[in-house]
Each structure stands twice: as structure tokens, then as C-alpha cells.
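Start counting the sequence shown at 6; every next residue gets the next number (this note's numbering). See below for the structure under consideration.
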Amino acid sequence: MENVKDSYRTGVELEASVPLANDKFRFDANATLSRNKINNYTAYFDLYDNSNDWNEVYIEKNGKQVRKQTRKELGTTHISYSPNLVGMASLTYQPLPALYFNLLGKYVSKQYLDNTSDNAKSIDGYFVSNFSAGYTFKKTPLGSIALQLFVNNLFNKEYIANGWASTEVFEEDGSSVNWIGYYPQATRNYMARLTVSF
Numbered sequence: 006m007e008n009v010k011d012s013y014r015t016g017v018e019l020e021a022s023v024p025l026a027n028d029k030f031r032f033d034a035n036a037t038l039s040r041n042k043i044n045n046y047t048a049y050f051d052l053y054d055n056s057n058d059w060n061e062v063y064i065e066k067n068g069k070q071v072r073k074q075t076r077k078e079l080g081t082t083h084i085s086y087s088p089n090l091v092g093m094a095s096l097t098y099q100p101l102p103a104l105y106f107n108l109l110g111k112y113v114s115k116q117y118l119d120n121t122s123d124n125a126k127s128i129d130g131y132f133v134s135n136f137s138a139g140y141t142f143k144k145t146p147l148g149s150i151a152l153q154l155f156v157n158n159l160f161n162k163e164y165i166a167n168g169w170a171s172t173e174v175f176e177e178d179g180s181s182v183n184w185i186g187y188y189p190q191a192t193r194n195y196m197a198r199l200t201v202s203f
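Given below as C-alpha cells:
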């Protein structure tokens, strides 16, 4: 992450909720469409001597030894970790006032792991679905008791939702190497919740 001088975010958020079939079904959806850009972006990369030795290169500045860097003018680039589209849709079935079932899907579009707009340092868009169900016992000696079951990543999808990246440049020949790390998300998993209200 870094601060940049000239950037902007602009977009629109949409939301809808529609009752269906005598209110036993409800469809909900939302979406955020955005444009997230840096104007006239300059990337700075730390220099190493060569790919065999990996010695850090220093220069003297104001009487101090500081890391030597190279710069690259990249023009207009995408702001890191800023997908252009995030959307959600869910269908809820409530056959009884105390009972519900919900199926939810979420989509997140492609993201870049730094501000260079380098496709090698990006993560693909992904779609993941979750299921939940719940029943509320309203009159018990303890008060109201709500039981809920959650099945996260219902279809057991393998996907990456976050990561990091950095680039090092070799002074000897100007070549570079990317370091990229990914955070894979959990496959199908289950959770239960018990809520007592009194």
C-alpha cells in the first residue's frame, strides 16, 4: 500500500429487494460498479546488484546511506485491491414466521495486488455461494432461542480473495523479479449459532 498524489474513485451503488409469492420468498440484490484509477503513476523499485548475489544497492543522500531505486512511468493505472464490480444476490424462503432458508451468491471482479496494473500481479474474479437456515423458538423458559446453520462456500470452490506483491530490479541488467503471495480461502465449511434473547 502507498499514498499517491493524483487518484480518484467514482461509481454507482444499486440495491433491490423484491417480495415474491405472498411474501414467502424474497429476492435481494446489490451491486457496486466503480472506476478506481491513478493518473500519471510512477512506480519505484528497490535495486539489487544482480540476480546471483542479491546485494542491496545504496547511495548517499543528505549524508545518509539510503536504498537506491529505479523508477518507471506507468501513466494511468488501477488502484490496488479495488475491483470494478462487487455484486450480491440472495433468495430467502420463509414458509413460517419462525423459519427461513437463504441462498446467497457473491461476485468480486479482478483485482490488482499493487498499483502497477501488471496482470502478473493480480487475482482473478470469483463467485462464491453460501447457504443458511434458521428457526426461532419464541416462547421458552429462557426467552427467545434462535438456532441457525451456515454452510459457507456451498459448492466447495477453490478461490483467492487477497494477496500481496512486490517487484525487485537488478542494476546489472535491468531485469526484475516479482514476489507474489496469495491467501486462498476456506473450502466448504459449516457454522452453527445459538442466540438466546431474554
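Using N, Cα and C, we set each Cβ at its ideal position, and we do this for glycine too. Keep in mind that this is a model prediction, so the values were computed, not measured.
Classified as buried, Y46 has 16 or more neighbouring CB atoms from the shown chains inside 10 Å of its CB. Membership of F30 in the beta strand (DSSP E) is indicated by the continuous run 30 to 53. For A138, the three-state secondary structure derived from DSSP is strand. At a Cβ-Cβ threshold of 8 angstroms, Y187 and G168 count as neighbours.
D119 places its beta carbon less than 8 angstroms from that of S85.
The residues G139, R198, in chain order, have a CB closer than 6 angstroms to that of Q153 in the same chain once the five nearest residues on each side in sequence are set aside.
DSSP places Q99 in the uninterrupted beta strand (DSSP E) bounded by 90 to 101.
Around G110, the same chain offers A94, S134 as residues with beta carbons nearer than 6 angstroms, after the five sequence neighbours per side are excluded.
It is roughly 27 angstroms from the alpha-carbon of L38 to the alpha-carbon of S137. Below 8 angstroms, enough C-beta pairs join the region 95 to 114 and the region 13 to 32 to call them touching: three or more. The Cβ atoms of R40 and T75 lie no closer than 8 angstroms to each other.
Here K115 has P88, N89, S127, I128, D129, G130 as same chain residues with Cβ atoms under 8 angstroms from its own Cβ, once five neighbours each way along the sequence are excluded. Put simply, of N44, P100, A36 the residue whose alpha carbon is nearest the alpha carbon of S12 is N44. When DSSP states are grouped into helix, strand and coil, K73 belongs to the coil group.
Counting along the chain, E173 sits inside the beta strand (DSSP E) bounded by residues 165 to 175. A residue is called buried once 16 or more other Cβ atoms fall within 10 Å of its Cβ, and L19, having fewer, is exposed. DSSP places A26 in the coil class of the three-state scheme, outside both helix and strand. Each residue's CA atom was taken as its position, placing A48 and A103 some 56 angstroms apart.
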